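Chains G and A, in that order, are what the protein sequence lines are. Residue numbering for the first sequence follows numbering that gives the first Met the number 0, starting at 0 and increasing by one per position. Residue numbering for the second sequence follows numbering that gives the first Met the number 0, starting at 0 and increasing by one per position. Okay, structure first, notes after.
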Amino acid sequence: MALRSVGTATFWRQYRALSEPIRRLARLAYQQLLQDPWHPSFHRKKPRALEQTHPPIYEFRITRQYRALCQVEGEAYCWIFIGDHVAFDREIRRLSS
Amino acid sequence: MLPLLDYSTKKAQMLHEYHAQLEPQLTQGEPWTDAHMWAILSGEIEVLLRDTLQLYTDLVRMDELHHYHARTQPQYPYAQVEEAIEALLRQLRDLLVKGTVIAAAVEHHGYPPKGAADVAQCLRALEVLLADESPIYTSEPFQAVLQQSLDDINAGRVVEMTPEQL
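See the structure below:
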């Protein structure tokens, strides 16, 4: 069965906010995912902090700094987050200071 | 292999050597007796910090290039380069910690070097990149963003991922 992907409205907003070079890397990563969903460069893993959700959420690496989250159920992939973890962390710290 | 990998490895080595030369001067009490010498030392440390921050920028760029090659070259030695980048990032973390200490030492004598605040921010960024699990996931702002996305699913606000969409 072929892999089927959808993205939430929130995901697409986040995707469109990325710079073009990072969007390009995301596109290349997605093309690779279609060919080999277990390629080691994805560092595919279930974040412990999100493990109570069902279907399970997996993290996929675009780069070390930019990562995407996806709910995976069989061959159905639902993309729910993509973003810059360093910038997000900086924003969290700014809000809490 | 990436040329930037060789360059960054040499750069990290050079920065370690730079620290090795500067640290004894700062730890042996008060080696510099006049203000002029402290100003010179502070200037040297500014150069050291600037180069360390530049290494961070280079490593982030190299990581992007590394992932680009992983997606476009079937024979690319991903695991080998990944290991080298990880090692460099850890070396950089050591350099940033040393940079923080050395900057605090000259600041203590009244010569705060430029770039000290950037070093602290860079160190935090590196902690995020090297963490086993991203620290953002447990934060309230992230949980709120995630909930928005889960609400999208429940409300049917999802769009097929096609080449046109990407």
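Glycine is no exception: its CB is placed at the ideal position from the N, C-alpha and C atoms. Note that the structure is a prediction, hence the values are computed from the model and not measured.
Closest residue to residue i among the options (Cα-Cα distance)
| i | options | result |
| --- | --- | --- |
| residue 66 (chain G) | G:79, G:92, G:54 | G:79 |
| residue 18 (chain G) | G:95, G:92, G:91, G:81 | G:81 |
| residue 54 (chain G) | G:60, G:46, G:95 | G:46 |
| residue 35 (chain G) | G:9, G:2, G:52, G:84 | G:2 |
| residue 70 (chain G) | A:145, A:165, A:154 | A:145 |
| residue 42 (chain G) | A:153, A:150, A:133 | A:133 |
| residue 41 (chain A) | A:92, A:24, A:110, A:152 | A:110 |
| residue 58 (chain A) | A:138, A:149, A:90 | A:90 |
Contacting residues, own chain, Cβ-Cβ under 8 Å from residue i (five flanking each side not counted)
| i | result |
| --- | --- |
| residue 22 (chain A) | 97, 101 |
| residue 81 (chain A) | 65 |
| residue 1 (chain A) | 61, 64, 65, 68, 80 |
| residue 135 (chain A) | 127, 141 |
| residue 119 (chain A) | 99 |
| residue 106 (chain A) | 112, 115 |
Cross-chain neighbours of residue i in chain G, by beta carbon under 8 Å
| i | result |
| --- | --- |
| residue 76 (chain A) | Within 8 Å Cβ-Cβ: nothing; residue 76 (chain A) doesn't reach chain G, min ~11 Å. |
| residue 82 (chain A) | The contacting residues do not exist; residue 82 (chain A) stays about 11 Å from chain G at best. |
Cβ neighbour criterion (16 or more within 10 Å) applied to residue i
| i | result |
| --- | --- |
| residue 7 (chain A) | buried |
| residue 11 (chain G) | buried |
| residue 39 (chain G) | exposed |
| residue 9 (chain A) | exposed |
| residue 95 (chain A) | buried |
| residue 13 (chain A) | exposed |
| residue 161 (chain A) | exposed |
Residues that residue i contacts on chain G, provided the C-beta gap is smaller than 7 Å
| i | result |
| --- | --- |
| residue 57 (chain A) | Those within 7 Å of residue 57 (chain A) in chain G number zero; the least Cβ separation is about 14 Å. |
| residue 61 (chain A) | The contacting residues do not exist; residue 61 (chain A) stays about 10 Å from chain G at best. |
| residue 69 (chain A) | 40 |
| residue 147 (chain A) | 9 |
| residue 22 (chain A) | Correct list: empty, because the minimum Cβ distance to chain G is about 29 Å. |
Residues near residue i in its chain [Cβ-Cβ closer than 7 Å; skip 5 each side]
| i | result |
| --- | --- |
| residue 114 (chain A) | 45, 48, 49, 52 |
| residue 108 (chain A) | 37 |
Within chain A, partners of residue i - CB distance below 8 Å
| i | result |
| --- | --- |
| residue 17 (chain G) | Within chain A, no residue comes near residue 17 (chain G); the closest Cβ sits about 11 Å away, beyond 8 Å. |
| residue 90 (chain G) | 140 |
| residue 96 (chain G) | Correct list: empty, because the minimum Cβ distance to chain A is about 12 Å. |
Listed by chain order, chain G residues near residue i by CB distance under 9 Å
| i | result |
| --- | --- |
| residue 5 (chain A) | In chain order: nothing, as chain G lies at least about 19 Å away. |
| residue 128 (chain A) | 63, 64, 84, 85 |
Listed by chain order, chain A residues near residue i by CB distance under 9 Å
| i | result |
| --- | --- |
| residue 46 (chain G) | 132, 133, 136 |
Cut-off 6 Å between Cβ atoms - residues of its own chain near residue i, not counting five sequence neighbours on either side
| i | result |
| --- | --- |
| residue 49 (chain G) | 56 |
Within chain A, the residues that residue i reaches when beta carbons sit closer than 7 Å
| i | result |
| --- | --- |
| residue 26 (chain G) | 165 |
| residue 57 (chain G) | The premise fails here: residue 57 (chain G) is roughly 12 Å from chain A at the closest Cβ pair, so nothing lies under 7 Å. |
| residue 6 (chain G) | 157, 158, 160 |
For the stretch 59-71 of chain G, which residues have a CB atom closer than 9 Å to at least one CB atom of chain A, in sequence order?
60, 61, 62, 63, 64, 65, 66, 68, 70
Interface positions of the stretch 31-43 of chain G facing chain A (Cβ-Cβ less than 8 Å), listed along the chain:
Of all residues in the stretch 31-43 of chain G, 31, 38, 39, 40 have a Cβ within less than 8 Å of some Cβ in chain A.
When Cβ atoms are compared, which residues of the stretch 42-53 of chain A fall closer than 9 Å to chain G?
Correct list: empty, as no residue qualifies.
Positions along the stretch 94-126 of chain A whose CB lies within less than 8 Å of some CB in chain G
120, 123, 124
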